[in-house]
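**Student:** If you read the sequence shown in UniProt numbering, its first letter stands for residue 1, the second for the next number, and so on. Just dropping this structure here.
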Amino acid sequence: MPLEIVTIPCLSDNYAFLAHDAASGQTALIDAPEAGPILAELNARDWALSHVLLTHHHWDHIDGLAGILEKHSPKVIGAAADAHRLPPLDQQVAEGDSFEIGGEPVQVLDVSGHTIGHVAYYMPQSSAVFTADSLMALGCGRLFEGTAPQMWDSLSKLAALPDETIVYSGHEYTRSNAKFAITVDPNNAALQQRMADIDTARAAGKPTVPSSLALEKATNPFLRATDPAIQAHLDMQNTDPTAVFAEIRARKDRF
1 MPLEIVTIPC LSDNYAFLAH DAASGQTALI DAPEAGPILA ELNARDWALS
51 HVLLTHHHWD HIDGLAGILE KHSPKVIGAA ADAHRLPPLD QQVAEGDSFE
101 IGGEPVQVLD VSGHTIGHVA YYMPQSSAVF TADSLMALGC GRLFEGTAPQ
151 MWDSLSKLAA LPDETIVYSG HEYTRSNAKF AITVDPNNAA LQQRMADIDT
201 ARAAGKPTVP SSLALEKATN PFLRATDPAI QAHLDMQNTD PTAVFAEIRA
251 RKDRF
């Protein structure tokens, strides 16, 4: 059976996620922005935390861990390449590694770009990928440490997952991302519809995360650097997709 996945709003615009296996009782937390909302959700569901999966070292993804460890005793997992600036890890992982949550394999993907050593966690049986600040809803993370070629490679890796994969990203940035996306992909009917859907969801106080990979591939300009319409709009026809991506990312940085 697929894992039960719960979205937890944290801080002002972050998300954490719980992935729970009813048969074994194991529960994994993906990122720990702040302890309070996560502990409240675990308590409300009477779940004991067995694992914590950290994606990268930024404070708004790890600062809640200390408070969580006061109440639970999970195995803390994170990237070996990031171990020197993550909280102490019980298990260090890298691209190609896998482990299990409740009997379901979890595959580790290196998605460096936003940071060096950023990882994503892919759960194929649950059709879920936890991408934090690599692939985001209608966006991608700013390149604080990595390069455009690194991020394009990371996004291409994620885009190669099955279309039905659900993307659990780290922030509620979707509305602002949409306002930028339409400037580089103005004639995309699917994007226009998604913008309307975002406004409806946010007006109702609902999150726009997670989203499907199919929807991201249809509307997220950072996955669409090969699209002829976007290339034409940027006057970059028949240009290497890495260069097109770099131009889109640079425009977003100035937006």
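For glycine and all other residues, C-beta sits at the position ideal for the given N, C-alpha and C. The structure displayed is predicted, hence computed values, not measured ones.
If you reduce the DSSP assignment to three classes, tell me which class Met151 lands in.
**Tutor:** DSSP places Met151 in helix when its eight states are reduced to three.
**Student:** Candidates Ala79, Leu29, Phe180: which alpha carbon is nearest Ala48's?
**Tutor:** Minimum Cα distance to Ala48 is reached at Leu29.
**Student:** To the nearest angstrom, report how far apart Gln231 and Lys217 are at their CA atoms.
**Tutor:** For Gln231 and Lys217, the distance between alpha carbons rounds to 15 Å.
**Student:** Per DSSP, Ile30 is paired with what?
**Tutor:** DSSP output for Ile30 lists Phe17, Leu53 as bridge partner(s).
**Student:** Tell me the DSSP secondary structure of Lys75 in three-state form.
**Tutor:** Note: Lys75 maps to strand in three-state DSSP.
**Student:** Among the candidates Pro37, Gln107, His57, whose CA atom is the shortest distance from the CA of Tyr15?
**Tutor:** Nearest C-alpha to Tyr15: Pro37.
**Student:** Please look up how many angstroms separate the CB atoms of Gly141 and Gly113, rounded, as I've assumed it's under 8 Å.
**Tutor:** Contact holds; Cβ gap of about 7 Å.
**Student:** Find the nearest neighbour of Leu215 within the set Ala22, Gln192, Asp13, judged by alpha-carbon distance.
**Tutor:** It is Gln192 whose Cα lies nearest to the Cα of Leu215.
**Student:** Please state the DSSP three-state secondary structure of Asp110.
**Tutor:** Residue state, collapsed to three classes: strand.
**Student:** In whole angstroms, give me the CA-to-CA distance for Leu69 and Asp163.
**Tutor:** Near 36 Å, if we compare the C-alpha coordinates of Asp163 and Leu69.
**Student:** Compare the beta carbon distance of Val167 and Ile248 with 8 Å and say whether it is the shorter of the two.
**Tutor:** Not closer than 8 Å, so no.
**Student:** Taking the straight line between their C-alpha atoms, what separation do you get for residue 315 and Ser24?
**Tutor:** It is not possible to answer for residue 315, since the shown part of the chain is limited to 1 through 255.
**Student:** Does the beta carbon of Pro9 come closer than 8 Å to any beta carbon on chain D?
**Tutor:** No chain D is part of this structure, which consists of one protein chain only.
**Student:** Cutting at 6 Å between CB atoms, please list the residues of its own chain near Gln237, excluding the five before and the five after it.
**Tutor:** Cβ within range, chain order: Gln231.
**Student:** Look at the Cβ atom of Ala137, then the Cβ atom of Thr208, and state whether they are nearer than 8 Å.
**Tutor:** Yes; because the gap between Cβ atoms is below 8 Å, this pair is in contact.
**Student:** At the level of alpha carbons, what is the spacing between Ala132 and Asp235?
**Tutor:** Answer to the nearest angstrom: the Cα atoms are 31 Å apart.
**Student:** In this structure, does DSSP put Val209 in helix, strand or coil?
**Tutor:** Coil at Val209, not helix or strand.
**Student:** Taking the alpha carbon of His58 as the reference point, which residue from Ala160, Ala94, Pro87 has its own alpha carbon closest?
**Tutor:** Cα-wise, what sits closest to His58 is Pro87.
**Student:** Report buried or exposed for Gln26, applying the criterion of at least 16 other Cβ atoms within 10 angstroms of its Cβ.
**Tutor:** Gln26 is buried by the Cβ-count criterion.
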